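Counting in our numbering, the sequence shown runs from 14 upward without gaps. What follows is a single structure, written as structure tokens, with notes after it.
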Amino acid sequence: GFEVLKELRDQKIDTPVLIMTAKESLDDKMHGFDIGADDYLTKPFYLDELKARIQALLKRTGKLEDANGLSYGNVRLNLTNKSAFVDDTPVELIGKEFDLVVYLMQNQNVILPKEQIFDRIWGFDSDTTVTVVEVYMSKIRKKLKDTDFAQNLATLRNVGYILR
Numbered sequence: 014g015f016e017v018l019k020e021l022r023d024q025k026i027d028t029p030v031l032i033m034t035a036k037e038s039l040d041d042k043m044h045g046f047d048i049g050a051d052d053y054l055t056k057p058f059y060l061d062e063l064k065a066r067i068q069a070l071l072k073r074t075g076k077l078e079d080a081n082g083l084s085y086g087n088v089r090l091n092l093t094n095k096s097a098f099v100d101d102t103p104v105e106l107i108g109k110e111f112d113l114v115v116y117l118m119q120n121q122n123v124i125l126p127k128e129q130i131f132d133r134i135w136g137f138d139s140d141t142t143v144t145v146v147e148v149y150m151s152k153i154r155k156k157l158k159d160t161d162f163a164q165n166l167a168t169l170r171n172v173g174y175i176l177r
């Protein structure tokens, strides 16, 4: 646990970390915070407390806009009504475009092969081919041009895509 966290922080990965452990000594807690933990919860714990801590942690670190939204830079999505905004200006992301942006935001810093994206967004039994992913990536880049999202969406040739 501590070793994994230290490795993450050494690699400058800032994913929020909540340590859940039976180790309840002050020394263990202080060590966890010293190496980069954002929160520390000892066992046993209440599930509602865990949920509340995770929500607070994600809000505090900017990884979660609210329970019904996602954001990346100045691009904001409302998952309830499937609307998208750049700053406060609405942007029309239709159907699979919206689904694809959600999937990319949910998988930041993860290399996503085209085939995996295709299976997730269109389904393995789709009538179209995997090349549709490239078409939709192009559409999304045009609609979200000049945003952090478009600038940090990288094509990895012969591999897939990553939102950094």
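Every residue gets a Cβ at the ideal spot worked out from N, C-alpha and C, and that includes glycine. As the structure is a prediction and not an experimental result, all values here were calculated from the model.
Legend entry - Spatial neighbours of R154 in its chain, beta-carbon cut-off 6 Å, leaving aside the 5 residues before and after: Excluding residues within five positions, the ones whose Cβ falls inside 6 Å are A163.
Inset, instruction - Just confirm the distance between the C-beta atoms of I175 and L125, as a whole number of angstroms; I'd bet it's less than 8 Å. - result: Correct: roughly 7 Å between the Cβ atoms.
Legend entry - CA nearest to the CA of D100, picked from D112, E37 and G86: The residue with the shortest Cα to Cα distance from D100 is G86.
Inset, instruction - Measure the beta-carbon distance from K95 to F111 and round it to whole angstroms, keeping in mind my assumption that it falls under 8 Å. - result: K95 to F111, Cβ: 5 Å. Contact.
Legend entry - L92 versus R73, M118 and L71, residue with shortest Cα-Cα distance: Of R73, M118 and L71, the residue nearest in Cα terms is M118.
Inset, instruction - Taking R66 and L31 to be in contact with their CB atoms under 8 Å, please state how far apart those CB atoms are, rounded to whole angstroms. - result: Going by Cβ atoms, the distance from R66 to L31 rounds to 6 Å, so yes, they are a contact pair.
Inset, instruction - Would you kindly work out how many angstroms separate the C-alpha atoms of V88 and G136, rounded to a whole number? - result: Here the alpha carbon of V88 sits roughly 26 Å from the alpha carbon of G136.
Inset, instruction - With a floor of 3 residues, list each beta strand (DSSP E) that falls wholly inside the segment 64 to 114, ordered by position along the chain. - result: For the beta strand (DSSP E) assignment, the uninterrupted runs of no fewer than 3 residues enclosed by the segment 64 to 114 are, from N- to C-terminal side, 82 to 85, 88 to 91, 96 to 99 and 102 to 104.
Inset, instruction - To the nearest angstrom, report how far apart K42 and D61 are at their CA atoms. - result: Computed Cα separation, rounded: 21 Å.
Legend entry - Per-residue DSSP class, three states only, for Y59: Coil, per DSSP.
Inset, instruction - Compare the C-alpha of D161 against each of V172, R177, E37 and Y59 and name the closest. - result: When the alpha-carbon of D161 is set against those of V172, R177, E37 and Y59, the nearest one is in R177.
Inset, instruction - Tell me, please, which residues DSSP counts as bridged to L31. - result: Note: L31 sits in a beta bridge opposite D52.
Inset, instruction - Would you mind reading off the limits of the alpha helix (DSSP H) that contains I175? - result: Segment G173 to L176 is the beta strand (DSSP E) holding I175; no alpha helix (DSSP H) there.
Inset, instruction - Let me know if I130 comes out buried or exposed under the rule of 16 or more other beta-carbons within 10 Å of its beta-carbon. - result: Buried is the call here.
Inset, instruction - For the alpha helix (DSSP H) containing L157, list its first residue and its last residue. - result: Taken as a continuous stretch (DSSP letters only), L157 belongs to no alpha helix (DSSP H), as it is neither H nor E.
Inset, instruction - Could you tell me how far apart the beta carbons of L70 and P29 are, in whole angstroms, since I believe they sit closer than 8 Å? - result: About 5 Å; that satisfies the 8 Å criterion.
Inset, instruction - Note the first and the last residue of the continuous alpha helix (DSSP H) segment covering K42. - result: In the DSSP annotation of this structure, the continuous segment of the alpha helix (DSSP H) that includes K42 starts and ends at L39 to D47.
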